[in-house]
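K.L.:
In UniProt numbering, the protein residues as written are 1 to 334.
Note that the Cβ used here is the ideal one computed from N, Cα and C, for glycine as well.
1. Quick one: what's got a C-beta closer than 7 angstroms to residue 83's C-beta in the same chain, skipping five residues either side?
2. Counting only the same chain and skipping the five closest in sequence on each side, list residues whose C-beta sits under 6 angstroms from that of residue 32.
3. Unbroken beta strand (DSSP E) runs of length 3 or more, entirely within the stretch 151–229: which are they?
4. Measuring alpha carbon to alpha carbon, tell me which of 269, 140, 252 ends up nearest residue 299.
5. Sorted by chain position, which residues of the same chain lie with C-beta nearer than 7 angstroms to residue 330's C-beta, five sequence neighbours on each side aside?
6. In whole angstroms, what is the alpha-carbon distance linking residue 263 and residue 135?
7. Measure the C-alpha to C-alpha separation of residue 166 and residue 149 and round it to an integer number of angstroms.
8. Starting from residue 291, follow its DSSP beta bridges and name the residues at the other end.
9. Output yes if chain D places a C-beta closer than 9 angstroms to the C-beta of residue 297; else output no.
10. Going by DSSP in three states, residue 121 sits in which element: helix, strand or coil?
11. Look at the alpha carbon of residue 158 and the alpha carbon of residue 125, and state the distance between them as a whole number of angstroms.
12. Ignore the nearest five residues each way along the sequence and tell me which others in residue 118's own chain have a CB closer than 8 angstroms to its CB.
13. State the Cα-Cα distance for the pair residue 259 and residue 249, rounded to the nearest angstrom.
14. Taking the Cβ atom as the reference point for each residue, do residue 274 and residue 242 lie within a distance shorter than 9 angstroms?
15. Excluding the five sequence neighbours on either side, which residues of its own chain have a C-beta within less than 8 angstroms of the C-beta of residue 277, listed in chain order?
16. Mind checking which residues open and close the beta strand (DSSP E) that includes residue 258?
17. Taking the continuous alpha helix (DSSP H) assigned at residue 65, which residues delimit it?
18. Can you find the residues in the same chain that come closer than 6 angstroms, C-beta to C-beta, to residue 15, ignoring five residues on each side of it along the sequence?
19. Could you pull out every residue in the same chain whose Cβ sits closer than 6 angstroms to the Cβ of residue 220, ignoring the five residues on either side in sequence?
20. Should residue 334 be labelled buried (16 or more other beta-carbon atoms within 10 Å of its own) or exposed?
21. Given this structure, state the Cα-to-Cα distance separating residue 194 from residue 223, to the nearest angstrom.
22. Look up residue 80 in the DSSP assignment and give the residues it is bridged to.
23. Closest to residue 394 by C-alpha separation, out of 18, 23, 207, would be which residue?
24. Go through its chain and collect everything with a Cβ distance to residue 246's Cβ below 8 angstroms, but skip five positions before and after it.
25. Does the stretch 17–29 come close enough to the stretch 46–61 that 3 or more CB-CB pairs lie under 8 angstroms?
26. Grab me the residues of residue 145's own chain with a C-beta within less than 7 angstroms of its C-beta, minus the 5 sequence neighbours each way, in chain order.
27. With DSSP as the reference, label residue 21 as helix, strand or coil.
28. Keeping to the same chain, check which residues put their C-beta closer than 6 angstroms to that of residue 87; ignore five residues upstream and five downstream.
29. Only counting the same chain, and skipping five residues up and downstream in sequence, which positions put a Cβ closer than 8 angstroms to that of residue 301?
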């Protein structure tokens, strides 16, 4: 019955088109269809606004429109859709830019290759009933289709689909699936950092350090595209290693010896976690037992490349300390 359909407050949904450049088209299409279906399950106080943002120097004009018309033609009936070219903005800058253009009280962030699952909107917005809640993080899992994607689901930073209870306990935010109070975020955007993918880590540290409320909900689930092949994984491992050194410098030790020790601890911790997940949970993602040794070898290789990137960073990069708000460290820490 119509009365049973949840009625939700006005929202803006910001979606970058950066990830769509790398992943297989099927995942971008699945994400669009899933969002269209989710919009059709709920009612809004007023029509939601969707901003698709793309780097006009990398994505040909008309690309997003073509995909939208082909796979999700009802999207424009369900929401006010704007497709906005941006001049060379990358992932986090696209998110900041999108929220800066939002005119609703709450803004949601979703990746172009992340497919929201039924109930996503309702569960992501529910915590905002508490006026002290400034940000809400959903639960993102990697999609799995083959040996490599199953291996990386077991090895990656995301929890597995059956680990909702564990997810709720983690003070993490993945900006492929989250929501913020717009005015709060406009005054607290993601910091501009030399790291590739650590802006959200330090942003959340700053939010919590200032005493603002953040809620993690595992019921707002999105399925993210798997990594698109070995070459991409090698690049991601290398950049991840440099990011880890940046994190270690800011939150651990600022000496090269301390950063070196952090690199090996990180390698050991991540590799053991991946191996433990493979042995304990491989079957839950469809990985046959006879493939466990190969999966463990792949995860070891991935984190060896990460270690190489981290060691390269330790000996070649001189980072600048971030404000103590983001790190929890006094500025003179070594």
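P.N.:
According to the structure data:
1. 52, 64, 65
2. 71, 72
3. 177–181, 213–224
4. 269
5. The predicted model places residue 330 with a pLDDT of 38, which falls under 50 and marks its position as unreliable, so this point remains unresolved.
6. 31 angstroms
7. 21 angstroms
8. In the DSSP output, where bridge partners are listed per residue, residue 291 has none listed.
9. Protein chain content of the structure displayed is limited to a single chain, and chain D is not contained in it.
10. helix
11. 21 angstroms
12. 37, 38, 41
13. 6 angstroms
14. no
15. 154, 155, 160
16. That residue, residue 258, is in no beta strand (DSSP E); its alpha helix (DSSP H) goes 256–281.
17. 63–71
18. 52, 110, 112
19. 120, 123, 124, 138
20. Residue placement at residue 334 cannot be trusted, given a pLDDT of 32 that sits under 50; what the coordinates show is reported in the next sentence. Counting Cβ neighbours within 10 Å, residue 334 comes out exposed, since fewer than 16 surround it.
21. 28 angstroms
22. 49
23. The structure shown does not extend to residue 394, since the chain spans only 1 to 334, so no value can be given for it.
24. 193, 194, 195, 198, 313, 317, 319
25. yes
26. 226
27. helix
28. none
29. none
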